[in-house]
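There are 2 protein chains.
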Amino acid sequence: MVVKGIRQLAEHLDISIGTVSRALNGKKDVNEDTRRRVLEAAERLGYVANQSGRALRKGSTGVIGFMMQTGHEITGQGDTFFMSVFDGVQTVFARHGLDLVALLCSSEEDPDAYLERVVARGFADGIMLSATRRVDHRFTLLDRRKIPFVSLGRSLTDVGQPFIDLDFEGMATTVMTRLATRGHRRIAVLRPHDDLNLGHVFLERCRAVLAEHRLVLEDDLIFNAAPNEAGGYRIGQDLARHSNRPSAIVVLNDGSVTGLFHGLEAAGLTPGKDIAVIGLHSPQARYLSPRLTCFDLSLRDLGISLAETLLASMPAYAALYPNAAHRQLWPMTLIDGESG
Amino acid sequence: MVVKGIRQLAEHLDISIGTVSRALNGKKDVNEDTRRRVLEAAERLGYVANQSGRALRKGSTGVIGFMMQTGHEITGQGDTFFMSVFDGVQTVFARHGLDLVALLCSSEEDPDAYLERVVARGFADGIMLSATRRVDHRFTLLDRRKIPFVSLGRSLTDVGQPFIDLDFEGMATTVMTRLATRGHRRIAVLRPHDDLNLGHVFLERCRAVLAEHRLVLEDDLIFNAAPNEAGGYRIGQDLARHSNRPSAIVVLNDGSVTGLFHGLEAAGLTPGKDIAVIGLHSPQARYLSPRLTCFDLSLRDLGISLAETLLASMPAYAALYPNAAHRQLWPMTLIDGESG
DNA sequence: CCGATCTCCGTAAACGTTTACGATACTATG
DNA sequence: CATAGTATCGTAAACGTTTACGGAGATCGG
Chain P
1 MVVKGIRQLA EHLDISIGTV SRALNGKKDV NEDTRRRVLE AAERLGYVAN
51 QSGRALRKGS TGVIGFMMQT GHEITGQGDT FFMSVFDGVQ TVFARHGLDL
101 VALLCSSEED PDAYLERVVA RGFADGIMLS ATRRVDHRFT LLDRRKIPFV
151 SLGRSLTDVG QPFIDLDFEG MATTVMTRLA TRGHRRIAVL RPHDDLNLGH
201 VFLERCRAVL AEHRLVLEDD LIFNAAPNEA GGYRIGQDLA RHSNRPSAIV
251 VLNDGSVTGL FHGLEAAGLT PGKDIAVIGL HSPQARYLSP RLTCFDLSLR
301 DLGISLAETL LASMPAYAAL YPNAAHRQLW PMTLIDGESG
Chain A
1001 MVVKGIRQLA EHLDISIGTV SRALNGKKDV NEDTRRRVLE AAERLGYVAN
1051 QSGRALRKGS TGVIGFMMQT GHEITGQGDT FFMSVFDGVQ TVFARHGLDL
1101 VALLCSSEED PDAYLERVVA RGFADGIMLS ATRRVDHRFT LLDRRKIPFV
1151 SLGRSLTDVG QPFIDLDFEG MATTVMTRLA TRGHRRIAVL RPHDDLNLGH
1201 VFLERCRAVL AEHRLVLEDD LIFNAAPNEA GGYRIGQDLA RHSNRPSAIV
1251 VLNDGSVTGL FHGLEAAGLT PGKDIAVIGL HSPQARYLSP RLTCFDLSLR
1301 DLGISLAETL LASMPAYAAL YPNAAHRQLW PMTLIDGESG
C-alpha cells in the first residue's frame, strides 16, 4: 500500500496536515507520541514529500547539479575519476540532505544555453562545473543568475568564483626540474584540445621552469590529441616517426596514456628507455609495463573539498564551513614508475 | 536584467499571466502578435518557467533519471560507455522536451532505499536502470510505484518490465563455437562479481554450446574480478601461475581487459599466442598489442532504443512509439583482432 | 440589424507542501 | 481561584505555474 500525498496521510492518521508536516520535518510544537505515529505511518505507507510541492514552498530544491557533457569526450577522464569525486561530494551533502545529480548536456545542445535553461528553471540550489574552458561563459551566466556554484578547474573568465583546480603549476615545476636535471633537453607535452584551460597554465609554468635551466619548450613539441586511446596511439606513432624526436613527453591527458604506450610500442619504442613518459593521474599506471611514472591525488578528498567550497558560498550553509578555501590548487604527488 | 516569475513578466508586458503562459506553451487562444511579444520578452529578460511550479501544476517533471552508483565500481564500464549511450538517449528526449539527469547514488547509501526515495518524491517522470543485479528489488519497487522505467540489463526479478540487454546468448554461441572449433578444450571466463546478472545468462549458454562439442566449462576456470585494471592484472598473474592453464579466456568485463593483458605480459605470456583472449566491447581494443578480438556494438543506437522503449511505456508518449520493442537483446558483432 | 460564431484575453482554481498565526487545553504559580 | 505560561494542534495563506471557464469585442450570415 502506497499513500499519495500528505493530505491522504493526514486523513489516515486523523491529524491535520500541518501537524503531519511538522512531525516529518522535525519541527517543534508536536507531541512526541504523535511524531512517532506519523513517522511510523509514513515509513509503512511509503510516503515521501513531493519534490515539486516542497521545493515550490521552500524556495529551494535540495538538489545540487554537476554539469557534464555527453557524447564527445572532452576531458577523457574515465568514470573512475568522476565517480570517485562524486563519492566524496556525497559524503558531505548527505549530512545536509542534499542530493547530487549529474546534469547531462547533450552534444547536440549548446552547453551555455543548456546551463542557462537549467539554472533559470530553478532546478538546482547549486551548480558544480567541470571541464572548464579558457573563456567560459558559464561563469558569467551563473554569476548573473546569482546561483551558488563551484568549478573543478580554472578559467580566464573571472567573476570571483570559487574553484578547485589541480595544481598544474606544482606539477610543472616538479616534472620539468626532474626532466631537466636528468639531462632531457627536448621535452614534449601532450594535452587535450586548446579550448580547455588546463593546458595553458601548465605550459606557462613549464616555460618558466625550463628557462631557469636555459631550455625552451618548442612549439612543435606541444601536441594536441583527443583524450582517449585513439588520440594517444596516434601521438605515439607520430613521435616514433618524428624527425627530431624529443627525449621525454609529459601527458596531461590521462585517457590517452595507454594508447600512447601502445602506439610507441607498435613503433618499436619502449617508454622509459627510448622516451621518457610522465603522466597525470591514471588508475592504470601500476598495471602498464613499464609502470607509468605519474602524479597522484586523492579524488575522494577532492570531492569533499569541492562540496565544502560550494556550501561555503551558499547562505544557508556558509556558517557551517567558515574556513573552507574559496580557491584552491589541489596538490599532487609524483609516483615513481619505470617510464621516466 | 533578469526577471523572476511569470507574474513579473506579465506585468512588464501589461498582459495577464494566463495569456503569457499560453503564449509560452504554444497553446491556442493567443494572438500571434502578442505571442511574438511574449516570446521576445522572455528571451530578452531571461525568463524560464520555474521547474517546481510547473511540475506541481502539470503533475509531471519532464525529467528522466538514469540511476548510477558512485564510489565503488560496479560495472567498470568507462565513461565512454555511458556517455555514448546517454547521447543516444538525449537525441530522442530532445524531441519531447525531456531532460536526462543521472541520479547518483552514493556508495554509503542503499541503492534500493535511494531509488525509493527519489521515486516517491516524484522527482522524475521515468527511470532508467543499469547494472542490474541477479535479484534486484528495484524492479518490484518501481512496479509498485507505477512509475515508467526501463533497464539496461536483465534480472531474475521479473515484473514484466521492459529492458534492453546485450545479447549474451548470441555472444556465448559465437565465441564458444569459435574457440571450440579452433581446438580449445579448456576455456576460462572472467566476469564481474556474482550479484550482477550478466554473467549468469552468459555462462549458462556457454555450457550448452560447449556441450555440443562434448566440452565442459570447468568451475575453477570461472574467475571473478573487480571490473578494473587491477582486477584484470591479478587474473593475468593468476593465469600465468595456474597449474593447468586454460588455452583461452573470455572477458566479460571490459574494464579489465588491458589489465589482463599487462598481467599476462608481466608474467611472460603473450595474448593470442600463449592464451587466446576475447573481450566484450572495449574502446581500446584496436590500440592494444596484440589487437584485441572482441565484440562491438553501437552504444548510441542502444541509447536511442532505450529511450524509445521507455517512452513507449509512458502513457503520454506511447502512441508515438507504437512498435518499440518491449524487451530486446542487443546484437553484437565479433571484431577479429590478434588475441584469439 | 440581430443572433451566432469566433478570436482573444482575464480570472481564479488547483497542484502538494511548509509555516505563520491563532486557538485550545493543560500546568504552574501566586 | 485567577492568571500566566506552555504544549500541542488546526487553519489558511503562500510558493509559481497551468488551464478550465467565462466574458468582451469583432465578424459574419441571414
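As they're listed, the protein sequences go chains P and A. Be aware that the first sequence starts at 1, since it is given in this note's numbering, and climbs by one per residue. Be aware that the second sequence starts at 1001, since it is given in this note's numbering, and climbs by one per residue. Backbone N, C-alpha and C define an ideal beta-carbon position, used for all residues, glycine too.
Query                                                                                                                            : Result
Limits of the unbroken beta strand (DSSP E) element including P:F295                                                             : 293-296
Span of the beta strand (DSSP E) around P:D165                                                                                   : 163-166
Short-range partners of chain A found in the segment 182-216 of chain P, where Cβ spacing is below 7 Å                           : none
Closest Cα partner of P:G5 within the set A:T1061, A:A1120, A:L1221                                                              : A:A1120
Residues of the segment 264-296 of chain P with Cβ closer than 8 Å to any Cβ of chain A, in chain order                          : E265, A266, P283, Q284, R286, Y287, L288, S289
8 Å Cβ cut-off: residues of chain P touching A:V1101                                                                             : G65, V101, A102, L103, L104
Cα-Cα separation, P:M1 to P:I147                                                                                                 : 39 Å
Ordered list of alpha helix (DSSP H) runs contained in the segment 114-193 of chain P, each at least 4 residues                  : 137-145, 168-181
Alpha-carbon spacing of A:F1202 relative to A:A1172, whole angstroms                                                             : 6 Å
Simplified DSSP state of P:D14, which is helix, strand or coil                                                                   : coil
C-beta neighbour in chain A for P:F86, strict 8 Å                                                                                : yes
Residues in the segment 1308-1340 of chain A having any Cβ partner in chain P nearer than 7 Å                                    : none
Stretch-stretch touch, CB-based, cutoff 8 Å, three pairs: the segment 1193-1213 of chain A with the segment 1229-1246 of chain A : no
Paired residues, beta bridge with P:L98 - DSSP                                                                                   : In the DSSP output, where bridge partners are listed per residue, P:L98 has none listed.
Nearest to P:D99 (by Cα), restricted to the options A:A1180, A:Q1284, A:L1103, A:R1138                                           : A:L1103
Whole-angstrom C-beta distance between A:L1056 and P:S52, which should lie under 8 Å                                             : 4 Å
Under 8 Å by beta carbon: chain P residues contacting A:F1123                                                                    : Q51
For P:P111, three-class secondary structure by DSSP                                                                              : helix
Partners in chain A for P:L107, counting only beta-carbon separations shorter than 7 Å                                           : Contrary to the premise, residue 107 of chain P reads as Ser rather than Leu in this sequence. Those within 7 Å of P:S107 in chain A are D1087.
Buried or exposed (CB count within 10 angstroms, at least 16 for buried), P:T258                                                 : buried
Residue burial classification, A:V1159 (beta-carbon count within 10 angstroms, cutoff 16)                                        : exposed
Completely contained beta strand (DSSP E) runs for the segment 194-279 of chain P, where each covers 3 or more residues          : 222-224, 248-251, 276-279
Backbone secondary structure at P:G65 - three-state DSSP                                                                         : strand
Those residues which DSSP pairs with P:T333 across a bridge                                                                      : P:D296
Proximity test, Cβ basis, 8 Å: P:H262 and chain A                                                                                : yes
Close Cβ partners of P:A188 (< 6 Å) along its chain, the five nearest in sequence each way excluded                              : L221, P246, I249
Cα-Cα separation between P:A113 and P:M67, rounded to whole angstroms                                                            : 12 Å
Proximity test, Cβ basis, 8 Å: P:R229 and chain A                                                                                : Just to set this straight, residue 229 of chain P is Glu in the shown sequence, not Arg. Cβ-Cβ to chain A under 8 Å: yes for P:E229.
CB-CB length for A:D1087 against P:G71, believed under 8 Å                                                                       : 4 Å
Simplified DSSP state of A:L1103, which is helix, strand or coil                                                                 : strand
Interface flag, A:G1160 vs chain P, CB-CB below 8 Å                                                                              : no
Chain-ordered chain P contacts of A:A1055 [CB-CB under 7 Å]                                                                      : S52
The segment 1022-1033 of chain A / the segment 317-331 of chain P touching (three or more Cβ pairs under 8 Å)                    : no
A:T1070 at chain P interface by Cβ criterion, 8 Å                                                                                : yes
Contacts of P:A94 in chain A (Cβ-Cβ under 8 Å)                                                                                   : S1106, E1108, E1109
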